[in-house]
Structure formats: structure tokens, C-alpha cells
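Beneath this line is the structure, given in C-alpha cells, with notes to follow.
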């Protein structure tokens, strides 16, 4: 989205080029965060249930503190940089619009980010708008102990309650989208006002993202209770791949006609998409996770998931998420001449990718890893003391 601030000399060509069904790749971008929310619910539940089985209790206070130590230092460093340093290290015709203006917003509203409530105040009043996902995920994490404990202690009742909540969230997405004329899919001709309204009334609200999170909670609970060497039958495996692939295709390719240059907005299309596309999109990711965890996939996906390079990318993934948009807008703000729109040149900007990767490593080394070490020290210290006491008693 950031590149559309750049003045292009061939905007007519750009409009025609982007008015084709294949642009669903970018127009359906709202779906791309749903697997992360689903996997967050899965991993949180998997961890919590494992701890409950080992100790019989869940130290919620320590879980919250651990979460804060994981997120706040790196986020705080980025907010300080974007608010008080970045505005003074560049200039350009659009610098006040894409850099200075955002810095002024952060000066007024930075505290909301540290309380993880910034997603409730609207995109136009949000410091570092791309961090809305951190707020959503943290709020869902805050209520996850209730969901996990209910499912763990009262499985049947917990499953029914969570299924009802997930259904209500789905209905809510449909209703709000239809009533307020929203659209999570960026159809051809959509207005900026409609995009902001969609973000404010649906996309940034955890109540609208609960469905896929609860799907992840169910999956995490299931994986903790299913043996890792559990083998699916050939029919079950084939059926799972087929159904989940079809759901994925329906969510991704199905609405491609809305990207056509002659598409006319229909609230029913938008409501159905917002309500059910996240579920279909996450289905394939969930199935891949289940088959990998249980050893039911030994082909290309297994080799890909076992790639050692992920040991590096997972360590810097949070920093990549945080740094990418400031770098995008820095480059837009620095642009001083009109350019020619070339899709692949824009999408494969190696220099920009290199800077994102480099700055992510710097942010990780300076803030993320040191505070992770502090966190590990804090939470391992009580266990160390307990082991010392036990060993002294034995002596």
C-alpha cells in the first residue's frame, strides 16, 4: 500500500494493470494475518495444556509478564525511533505526509501502544498503524487462560462454549460488514474512507478475529492429546488435503471477480467474504500443521519445515514485522521525482528488502535478545533455587 503514495507518470496503465483478477494476491491481503492469529491460539494452548499436565496449574501472572518482556522493549524502541529520530533523518515532497504526520500522532498516542489498546481508537489516530496486530494478539492472549482452563477442566462444556463464541464472532463479522457497507477485500474503486471504516469496525477488533483464534485453541488442545506418532489412514489423509485445499482456494480465488475493473460493490459479497474467508484460508495452514506435527507428511513440506534457516528467520520475525513499514514510508518520503510503474520492479526491491533484513537484525540484537535473556533469568531463577534446596536436602 505504501508504494501507491509515489507519483507515477503512467497511472492509467497502473490502474488497468491492477484491475485484473490475478491481483487477488494483493487485494486479499487482509487474510494474511489470520493464520498468525490461528497459530498464536494453537501455540498458546499447546504450551498451556502441556504445563497443566506437568504441574496441574497455570501461573497466569508469569505468563503475562513473560509476554510483556517479549513485546514491549522492541516495540518501545521502534516507537521512540519513529517519533523522535526518523523525522529528522530525511526529507522530500511527501515526507510531512508519510513520516512527520505519523510521528506527531505517536507523540500524542504512544501510551496506547504500551497498553496494547491502540487498535480501539481508529487507524487515523493510531501510532504505527501496522502494529494493530500486536494489540489484537495480546488481547486474545489475555483471555486465553480462561479458554484453555475451561477446555482442559470441562472439555465438553468448554468445547460447546468456545464453539458458540466462535460462531458469534463469525455472525458479527457478517452483520457489521453488511450494515456498515464494509469490505475486507480491496475491490477496484474502493474508497479510502471505506478502508478506514473496515479497519475500525471489523479488522482491528479482537471480537471479529476470535473465530480463527478459537480454531487454533481447539487445534492446540487436540495436538497435546494426540500421540505424535498418530497415523492417519490414506482415505482420511486424502480427504483432509482435498477439503482444506478447496476451502483455501475458495477463500483466495473465489472473490477474485471483485478485483475486476467493472465490479460494482455488493454488501452481501463483502459480508460473506469477511465472515467465511478467514476460516477457509486458515484451514489449509491448520491441516499442514497437524500433518507435520504427527509425522503424516514426509515430502517437500516436511523438508521445507525442517530447513535450518528458519532458526534465524524465527528469531528476527518480530523485528521484521515492526521495521518493514517505517522503511517503506522512509523510501516513499524520500522520493523526489515521478516514477514509471513497473510491478515486478516494485515487488522485488532487493535494496529495500536488504535494509529491512539488516535493521531487523540490529533491532533484535540491541533490544529483543537482551530482554529475552533477562526474561529467561527471571523465570529460571526460582527453579534454580528449588533445585539447590532439593540437592542440599539429599546431601
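In our numbering, the protein residues as written are 4 to 398. Glycine included, every Cβ here is placed at the ideal spot set by N, Cα and C. Values in this document were obtained by computation on a predicted structure and should not be read as measured data.
The secondary-structure analysis by DSSP pairs residue 342 across a beta bridge with 11. Contact between residue 141 and residue 126 does not hold, since the beta-carbon distance rounds to 18 Å and is not under 8 Å.
Assigned with DSSP and collapsed to three states, residue 79 falls in helix. When the Cα atoms are used, residue 288 and residue 37 turn out to be separated by approximately 10 Å. Cβ neighbours of residue 94 within its own chain (closer than 8 Å, five residues either side excluded): 336, 337. Of the residues 182, 163, 343, 145, the one whose Cα lies closest to the Cα of residue 201 is 182. DSSP places residue 200 within a helical segment (H, G or I) once states are collapsed to three. C-alpha of residue 230 to C-alpha of residue 221: approximately 16 Å in a straight line. Boundaries of the alpha helix (DSSP H) harbouring residue 355: 353 to 366, taken from the DSSP string. Cβ-Cβ distances below 7 Å link residue 75 to 117 in the same chain, with the five nearest sequence neighbours on each side left out; the list follows chain order. If you check the CB distance, residue 191 and residue 29 do not come in under 8 Å.
Residue nearest to residue 234 within the set 206, 34, 297 is 297 (criterion: CA-CA distance). Taking the Cα of residue 135 as reference, the smallest distance to any Cα among 344, 324, 60, 351 is reached at 324.
Excluding five sequence positions before and after residue 285, the CB atoms of its chain that fall closer than 7 Å to its own CB belong to 37, 38, 41, 215, 218, given in chain order.
By the neighbour-count criterion, in which a residue is buried when 16 or more other Cβ atoms sit within 10 angstroms of its Cβ, residue 293 is buried. Pairing residue 377 with residue 322, the inter-Cα distance amounts to about 18 Å. Judged by their CB atoms, residue 274 and residue 124 are not nearer to each other than the 8 Å cut-off.
When 65, 184, 253 are compared, the shortest CA-CA separation from residue 380 is found for 65.
With contacts defined by Cβ atoms closer than 8 Å, residue 106 and residue 370 do not form a contacting pair. Taking the Cβ atoms as the reference, residue 48 lies roughly 5 Å from residue 151, within the contact range of under 8 Å. Residue 223 is a Cβ neighbour of residue 52, given a cutoff of 8 Å.
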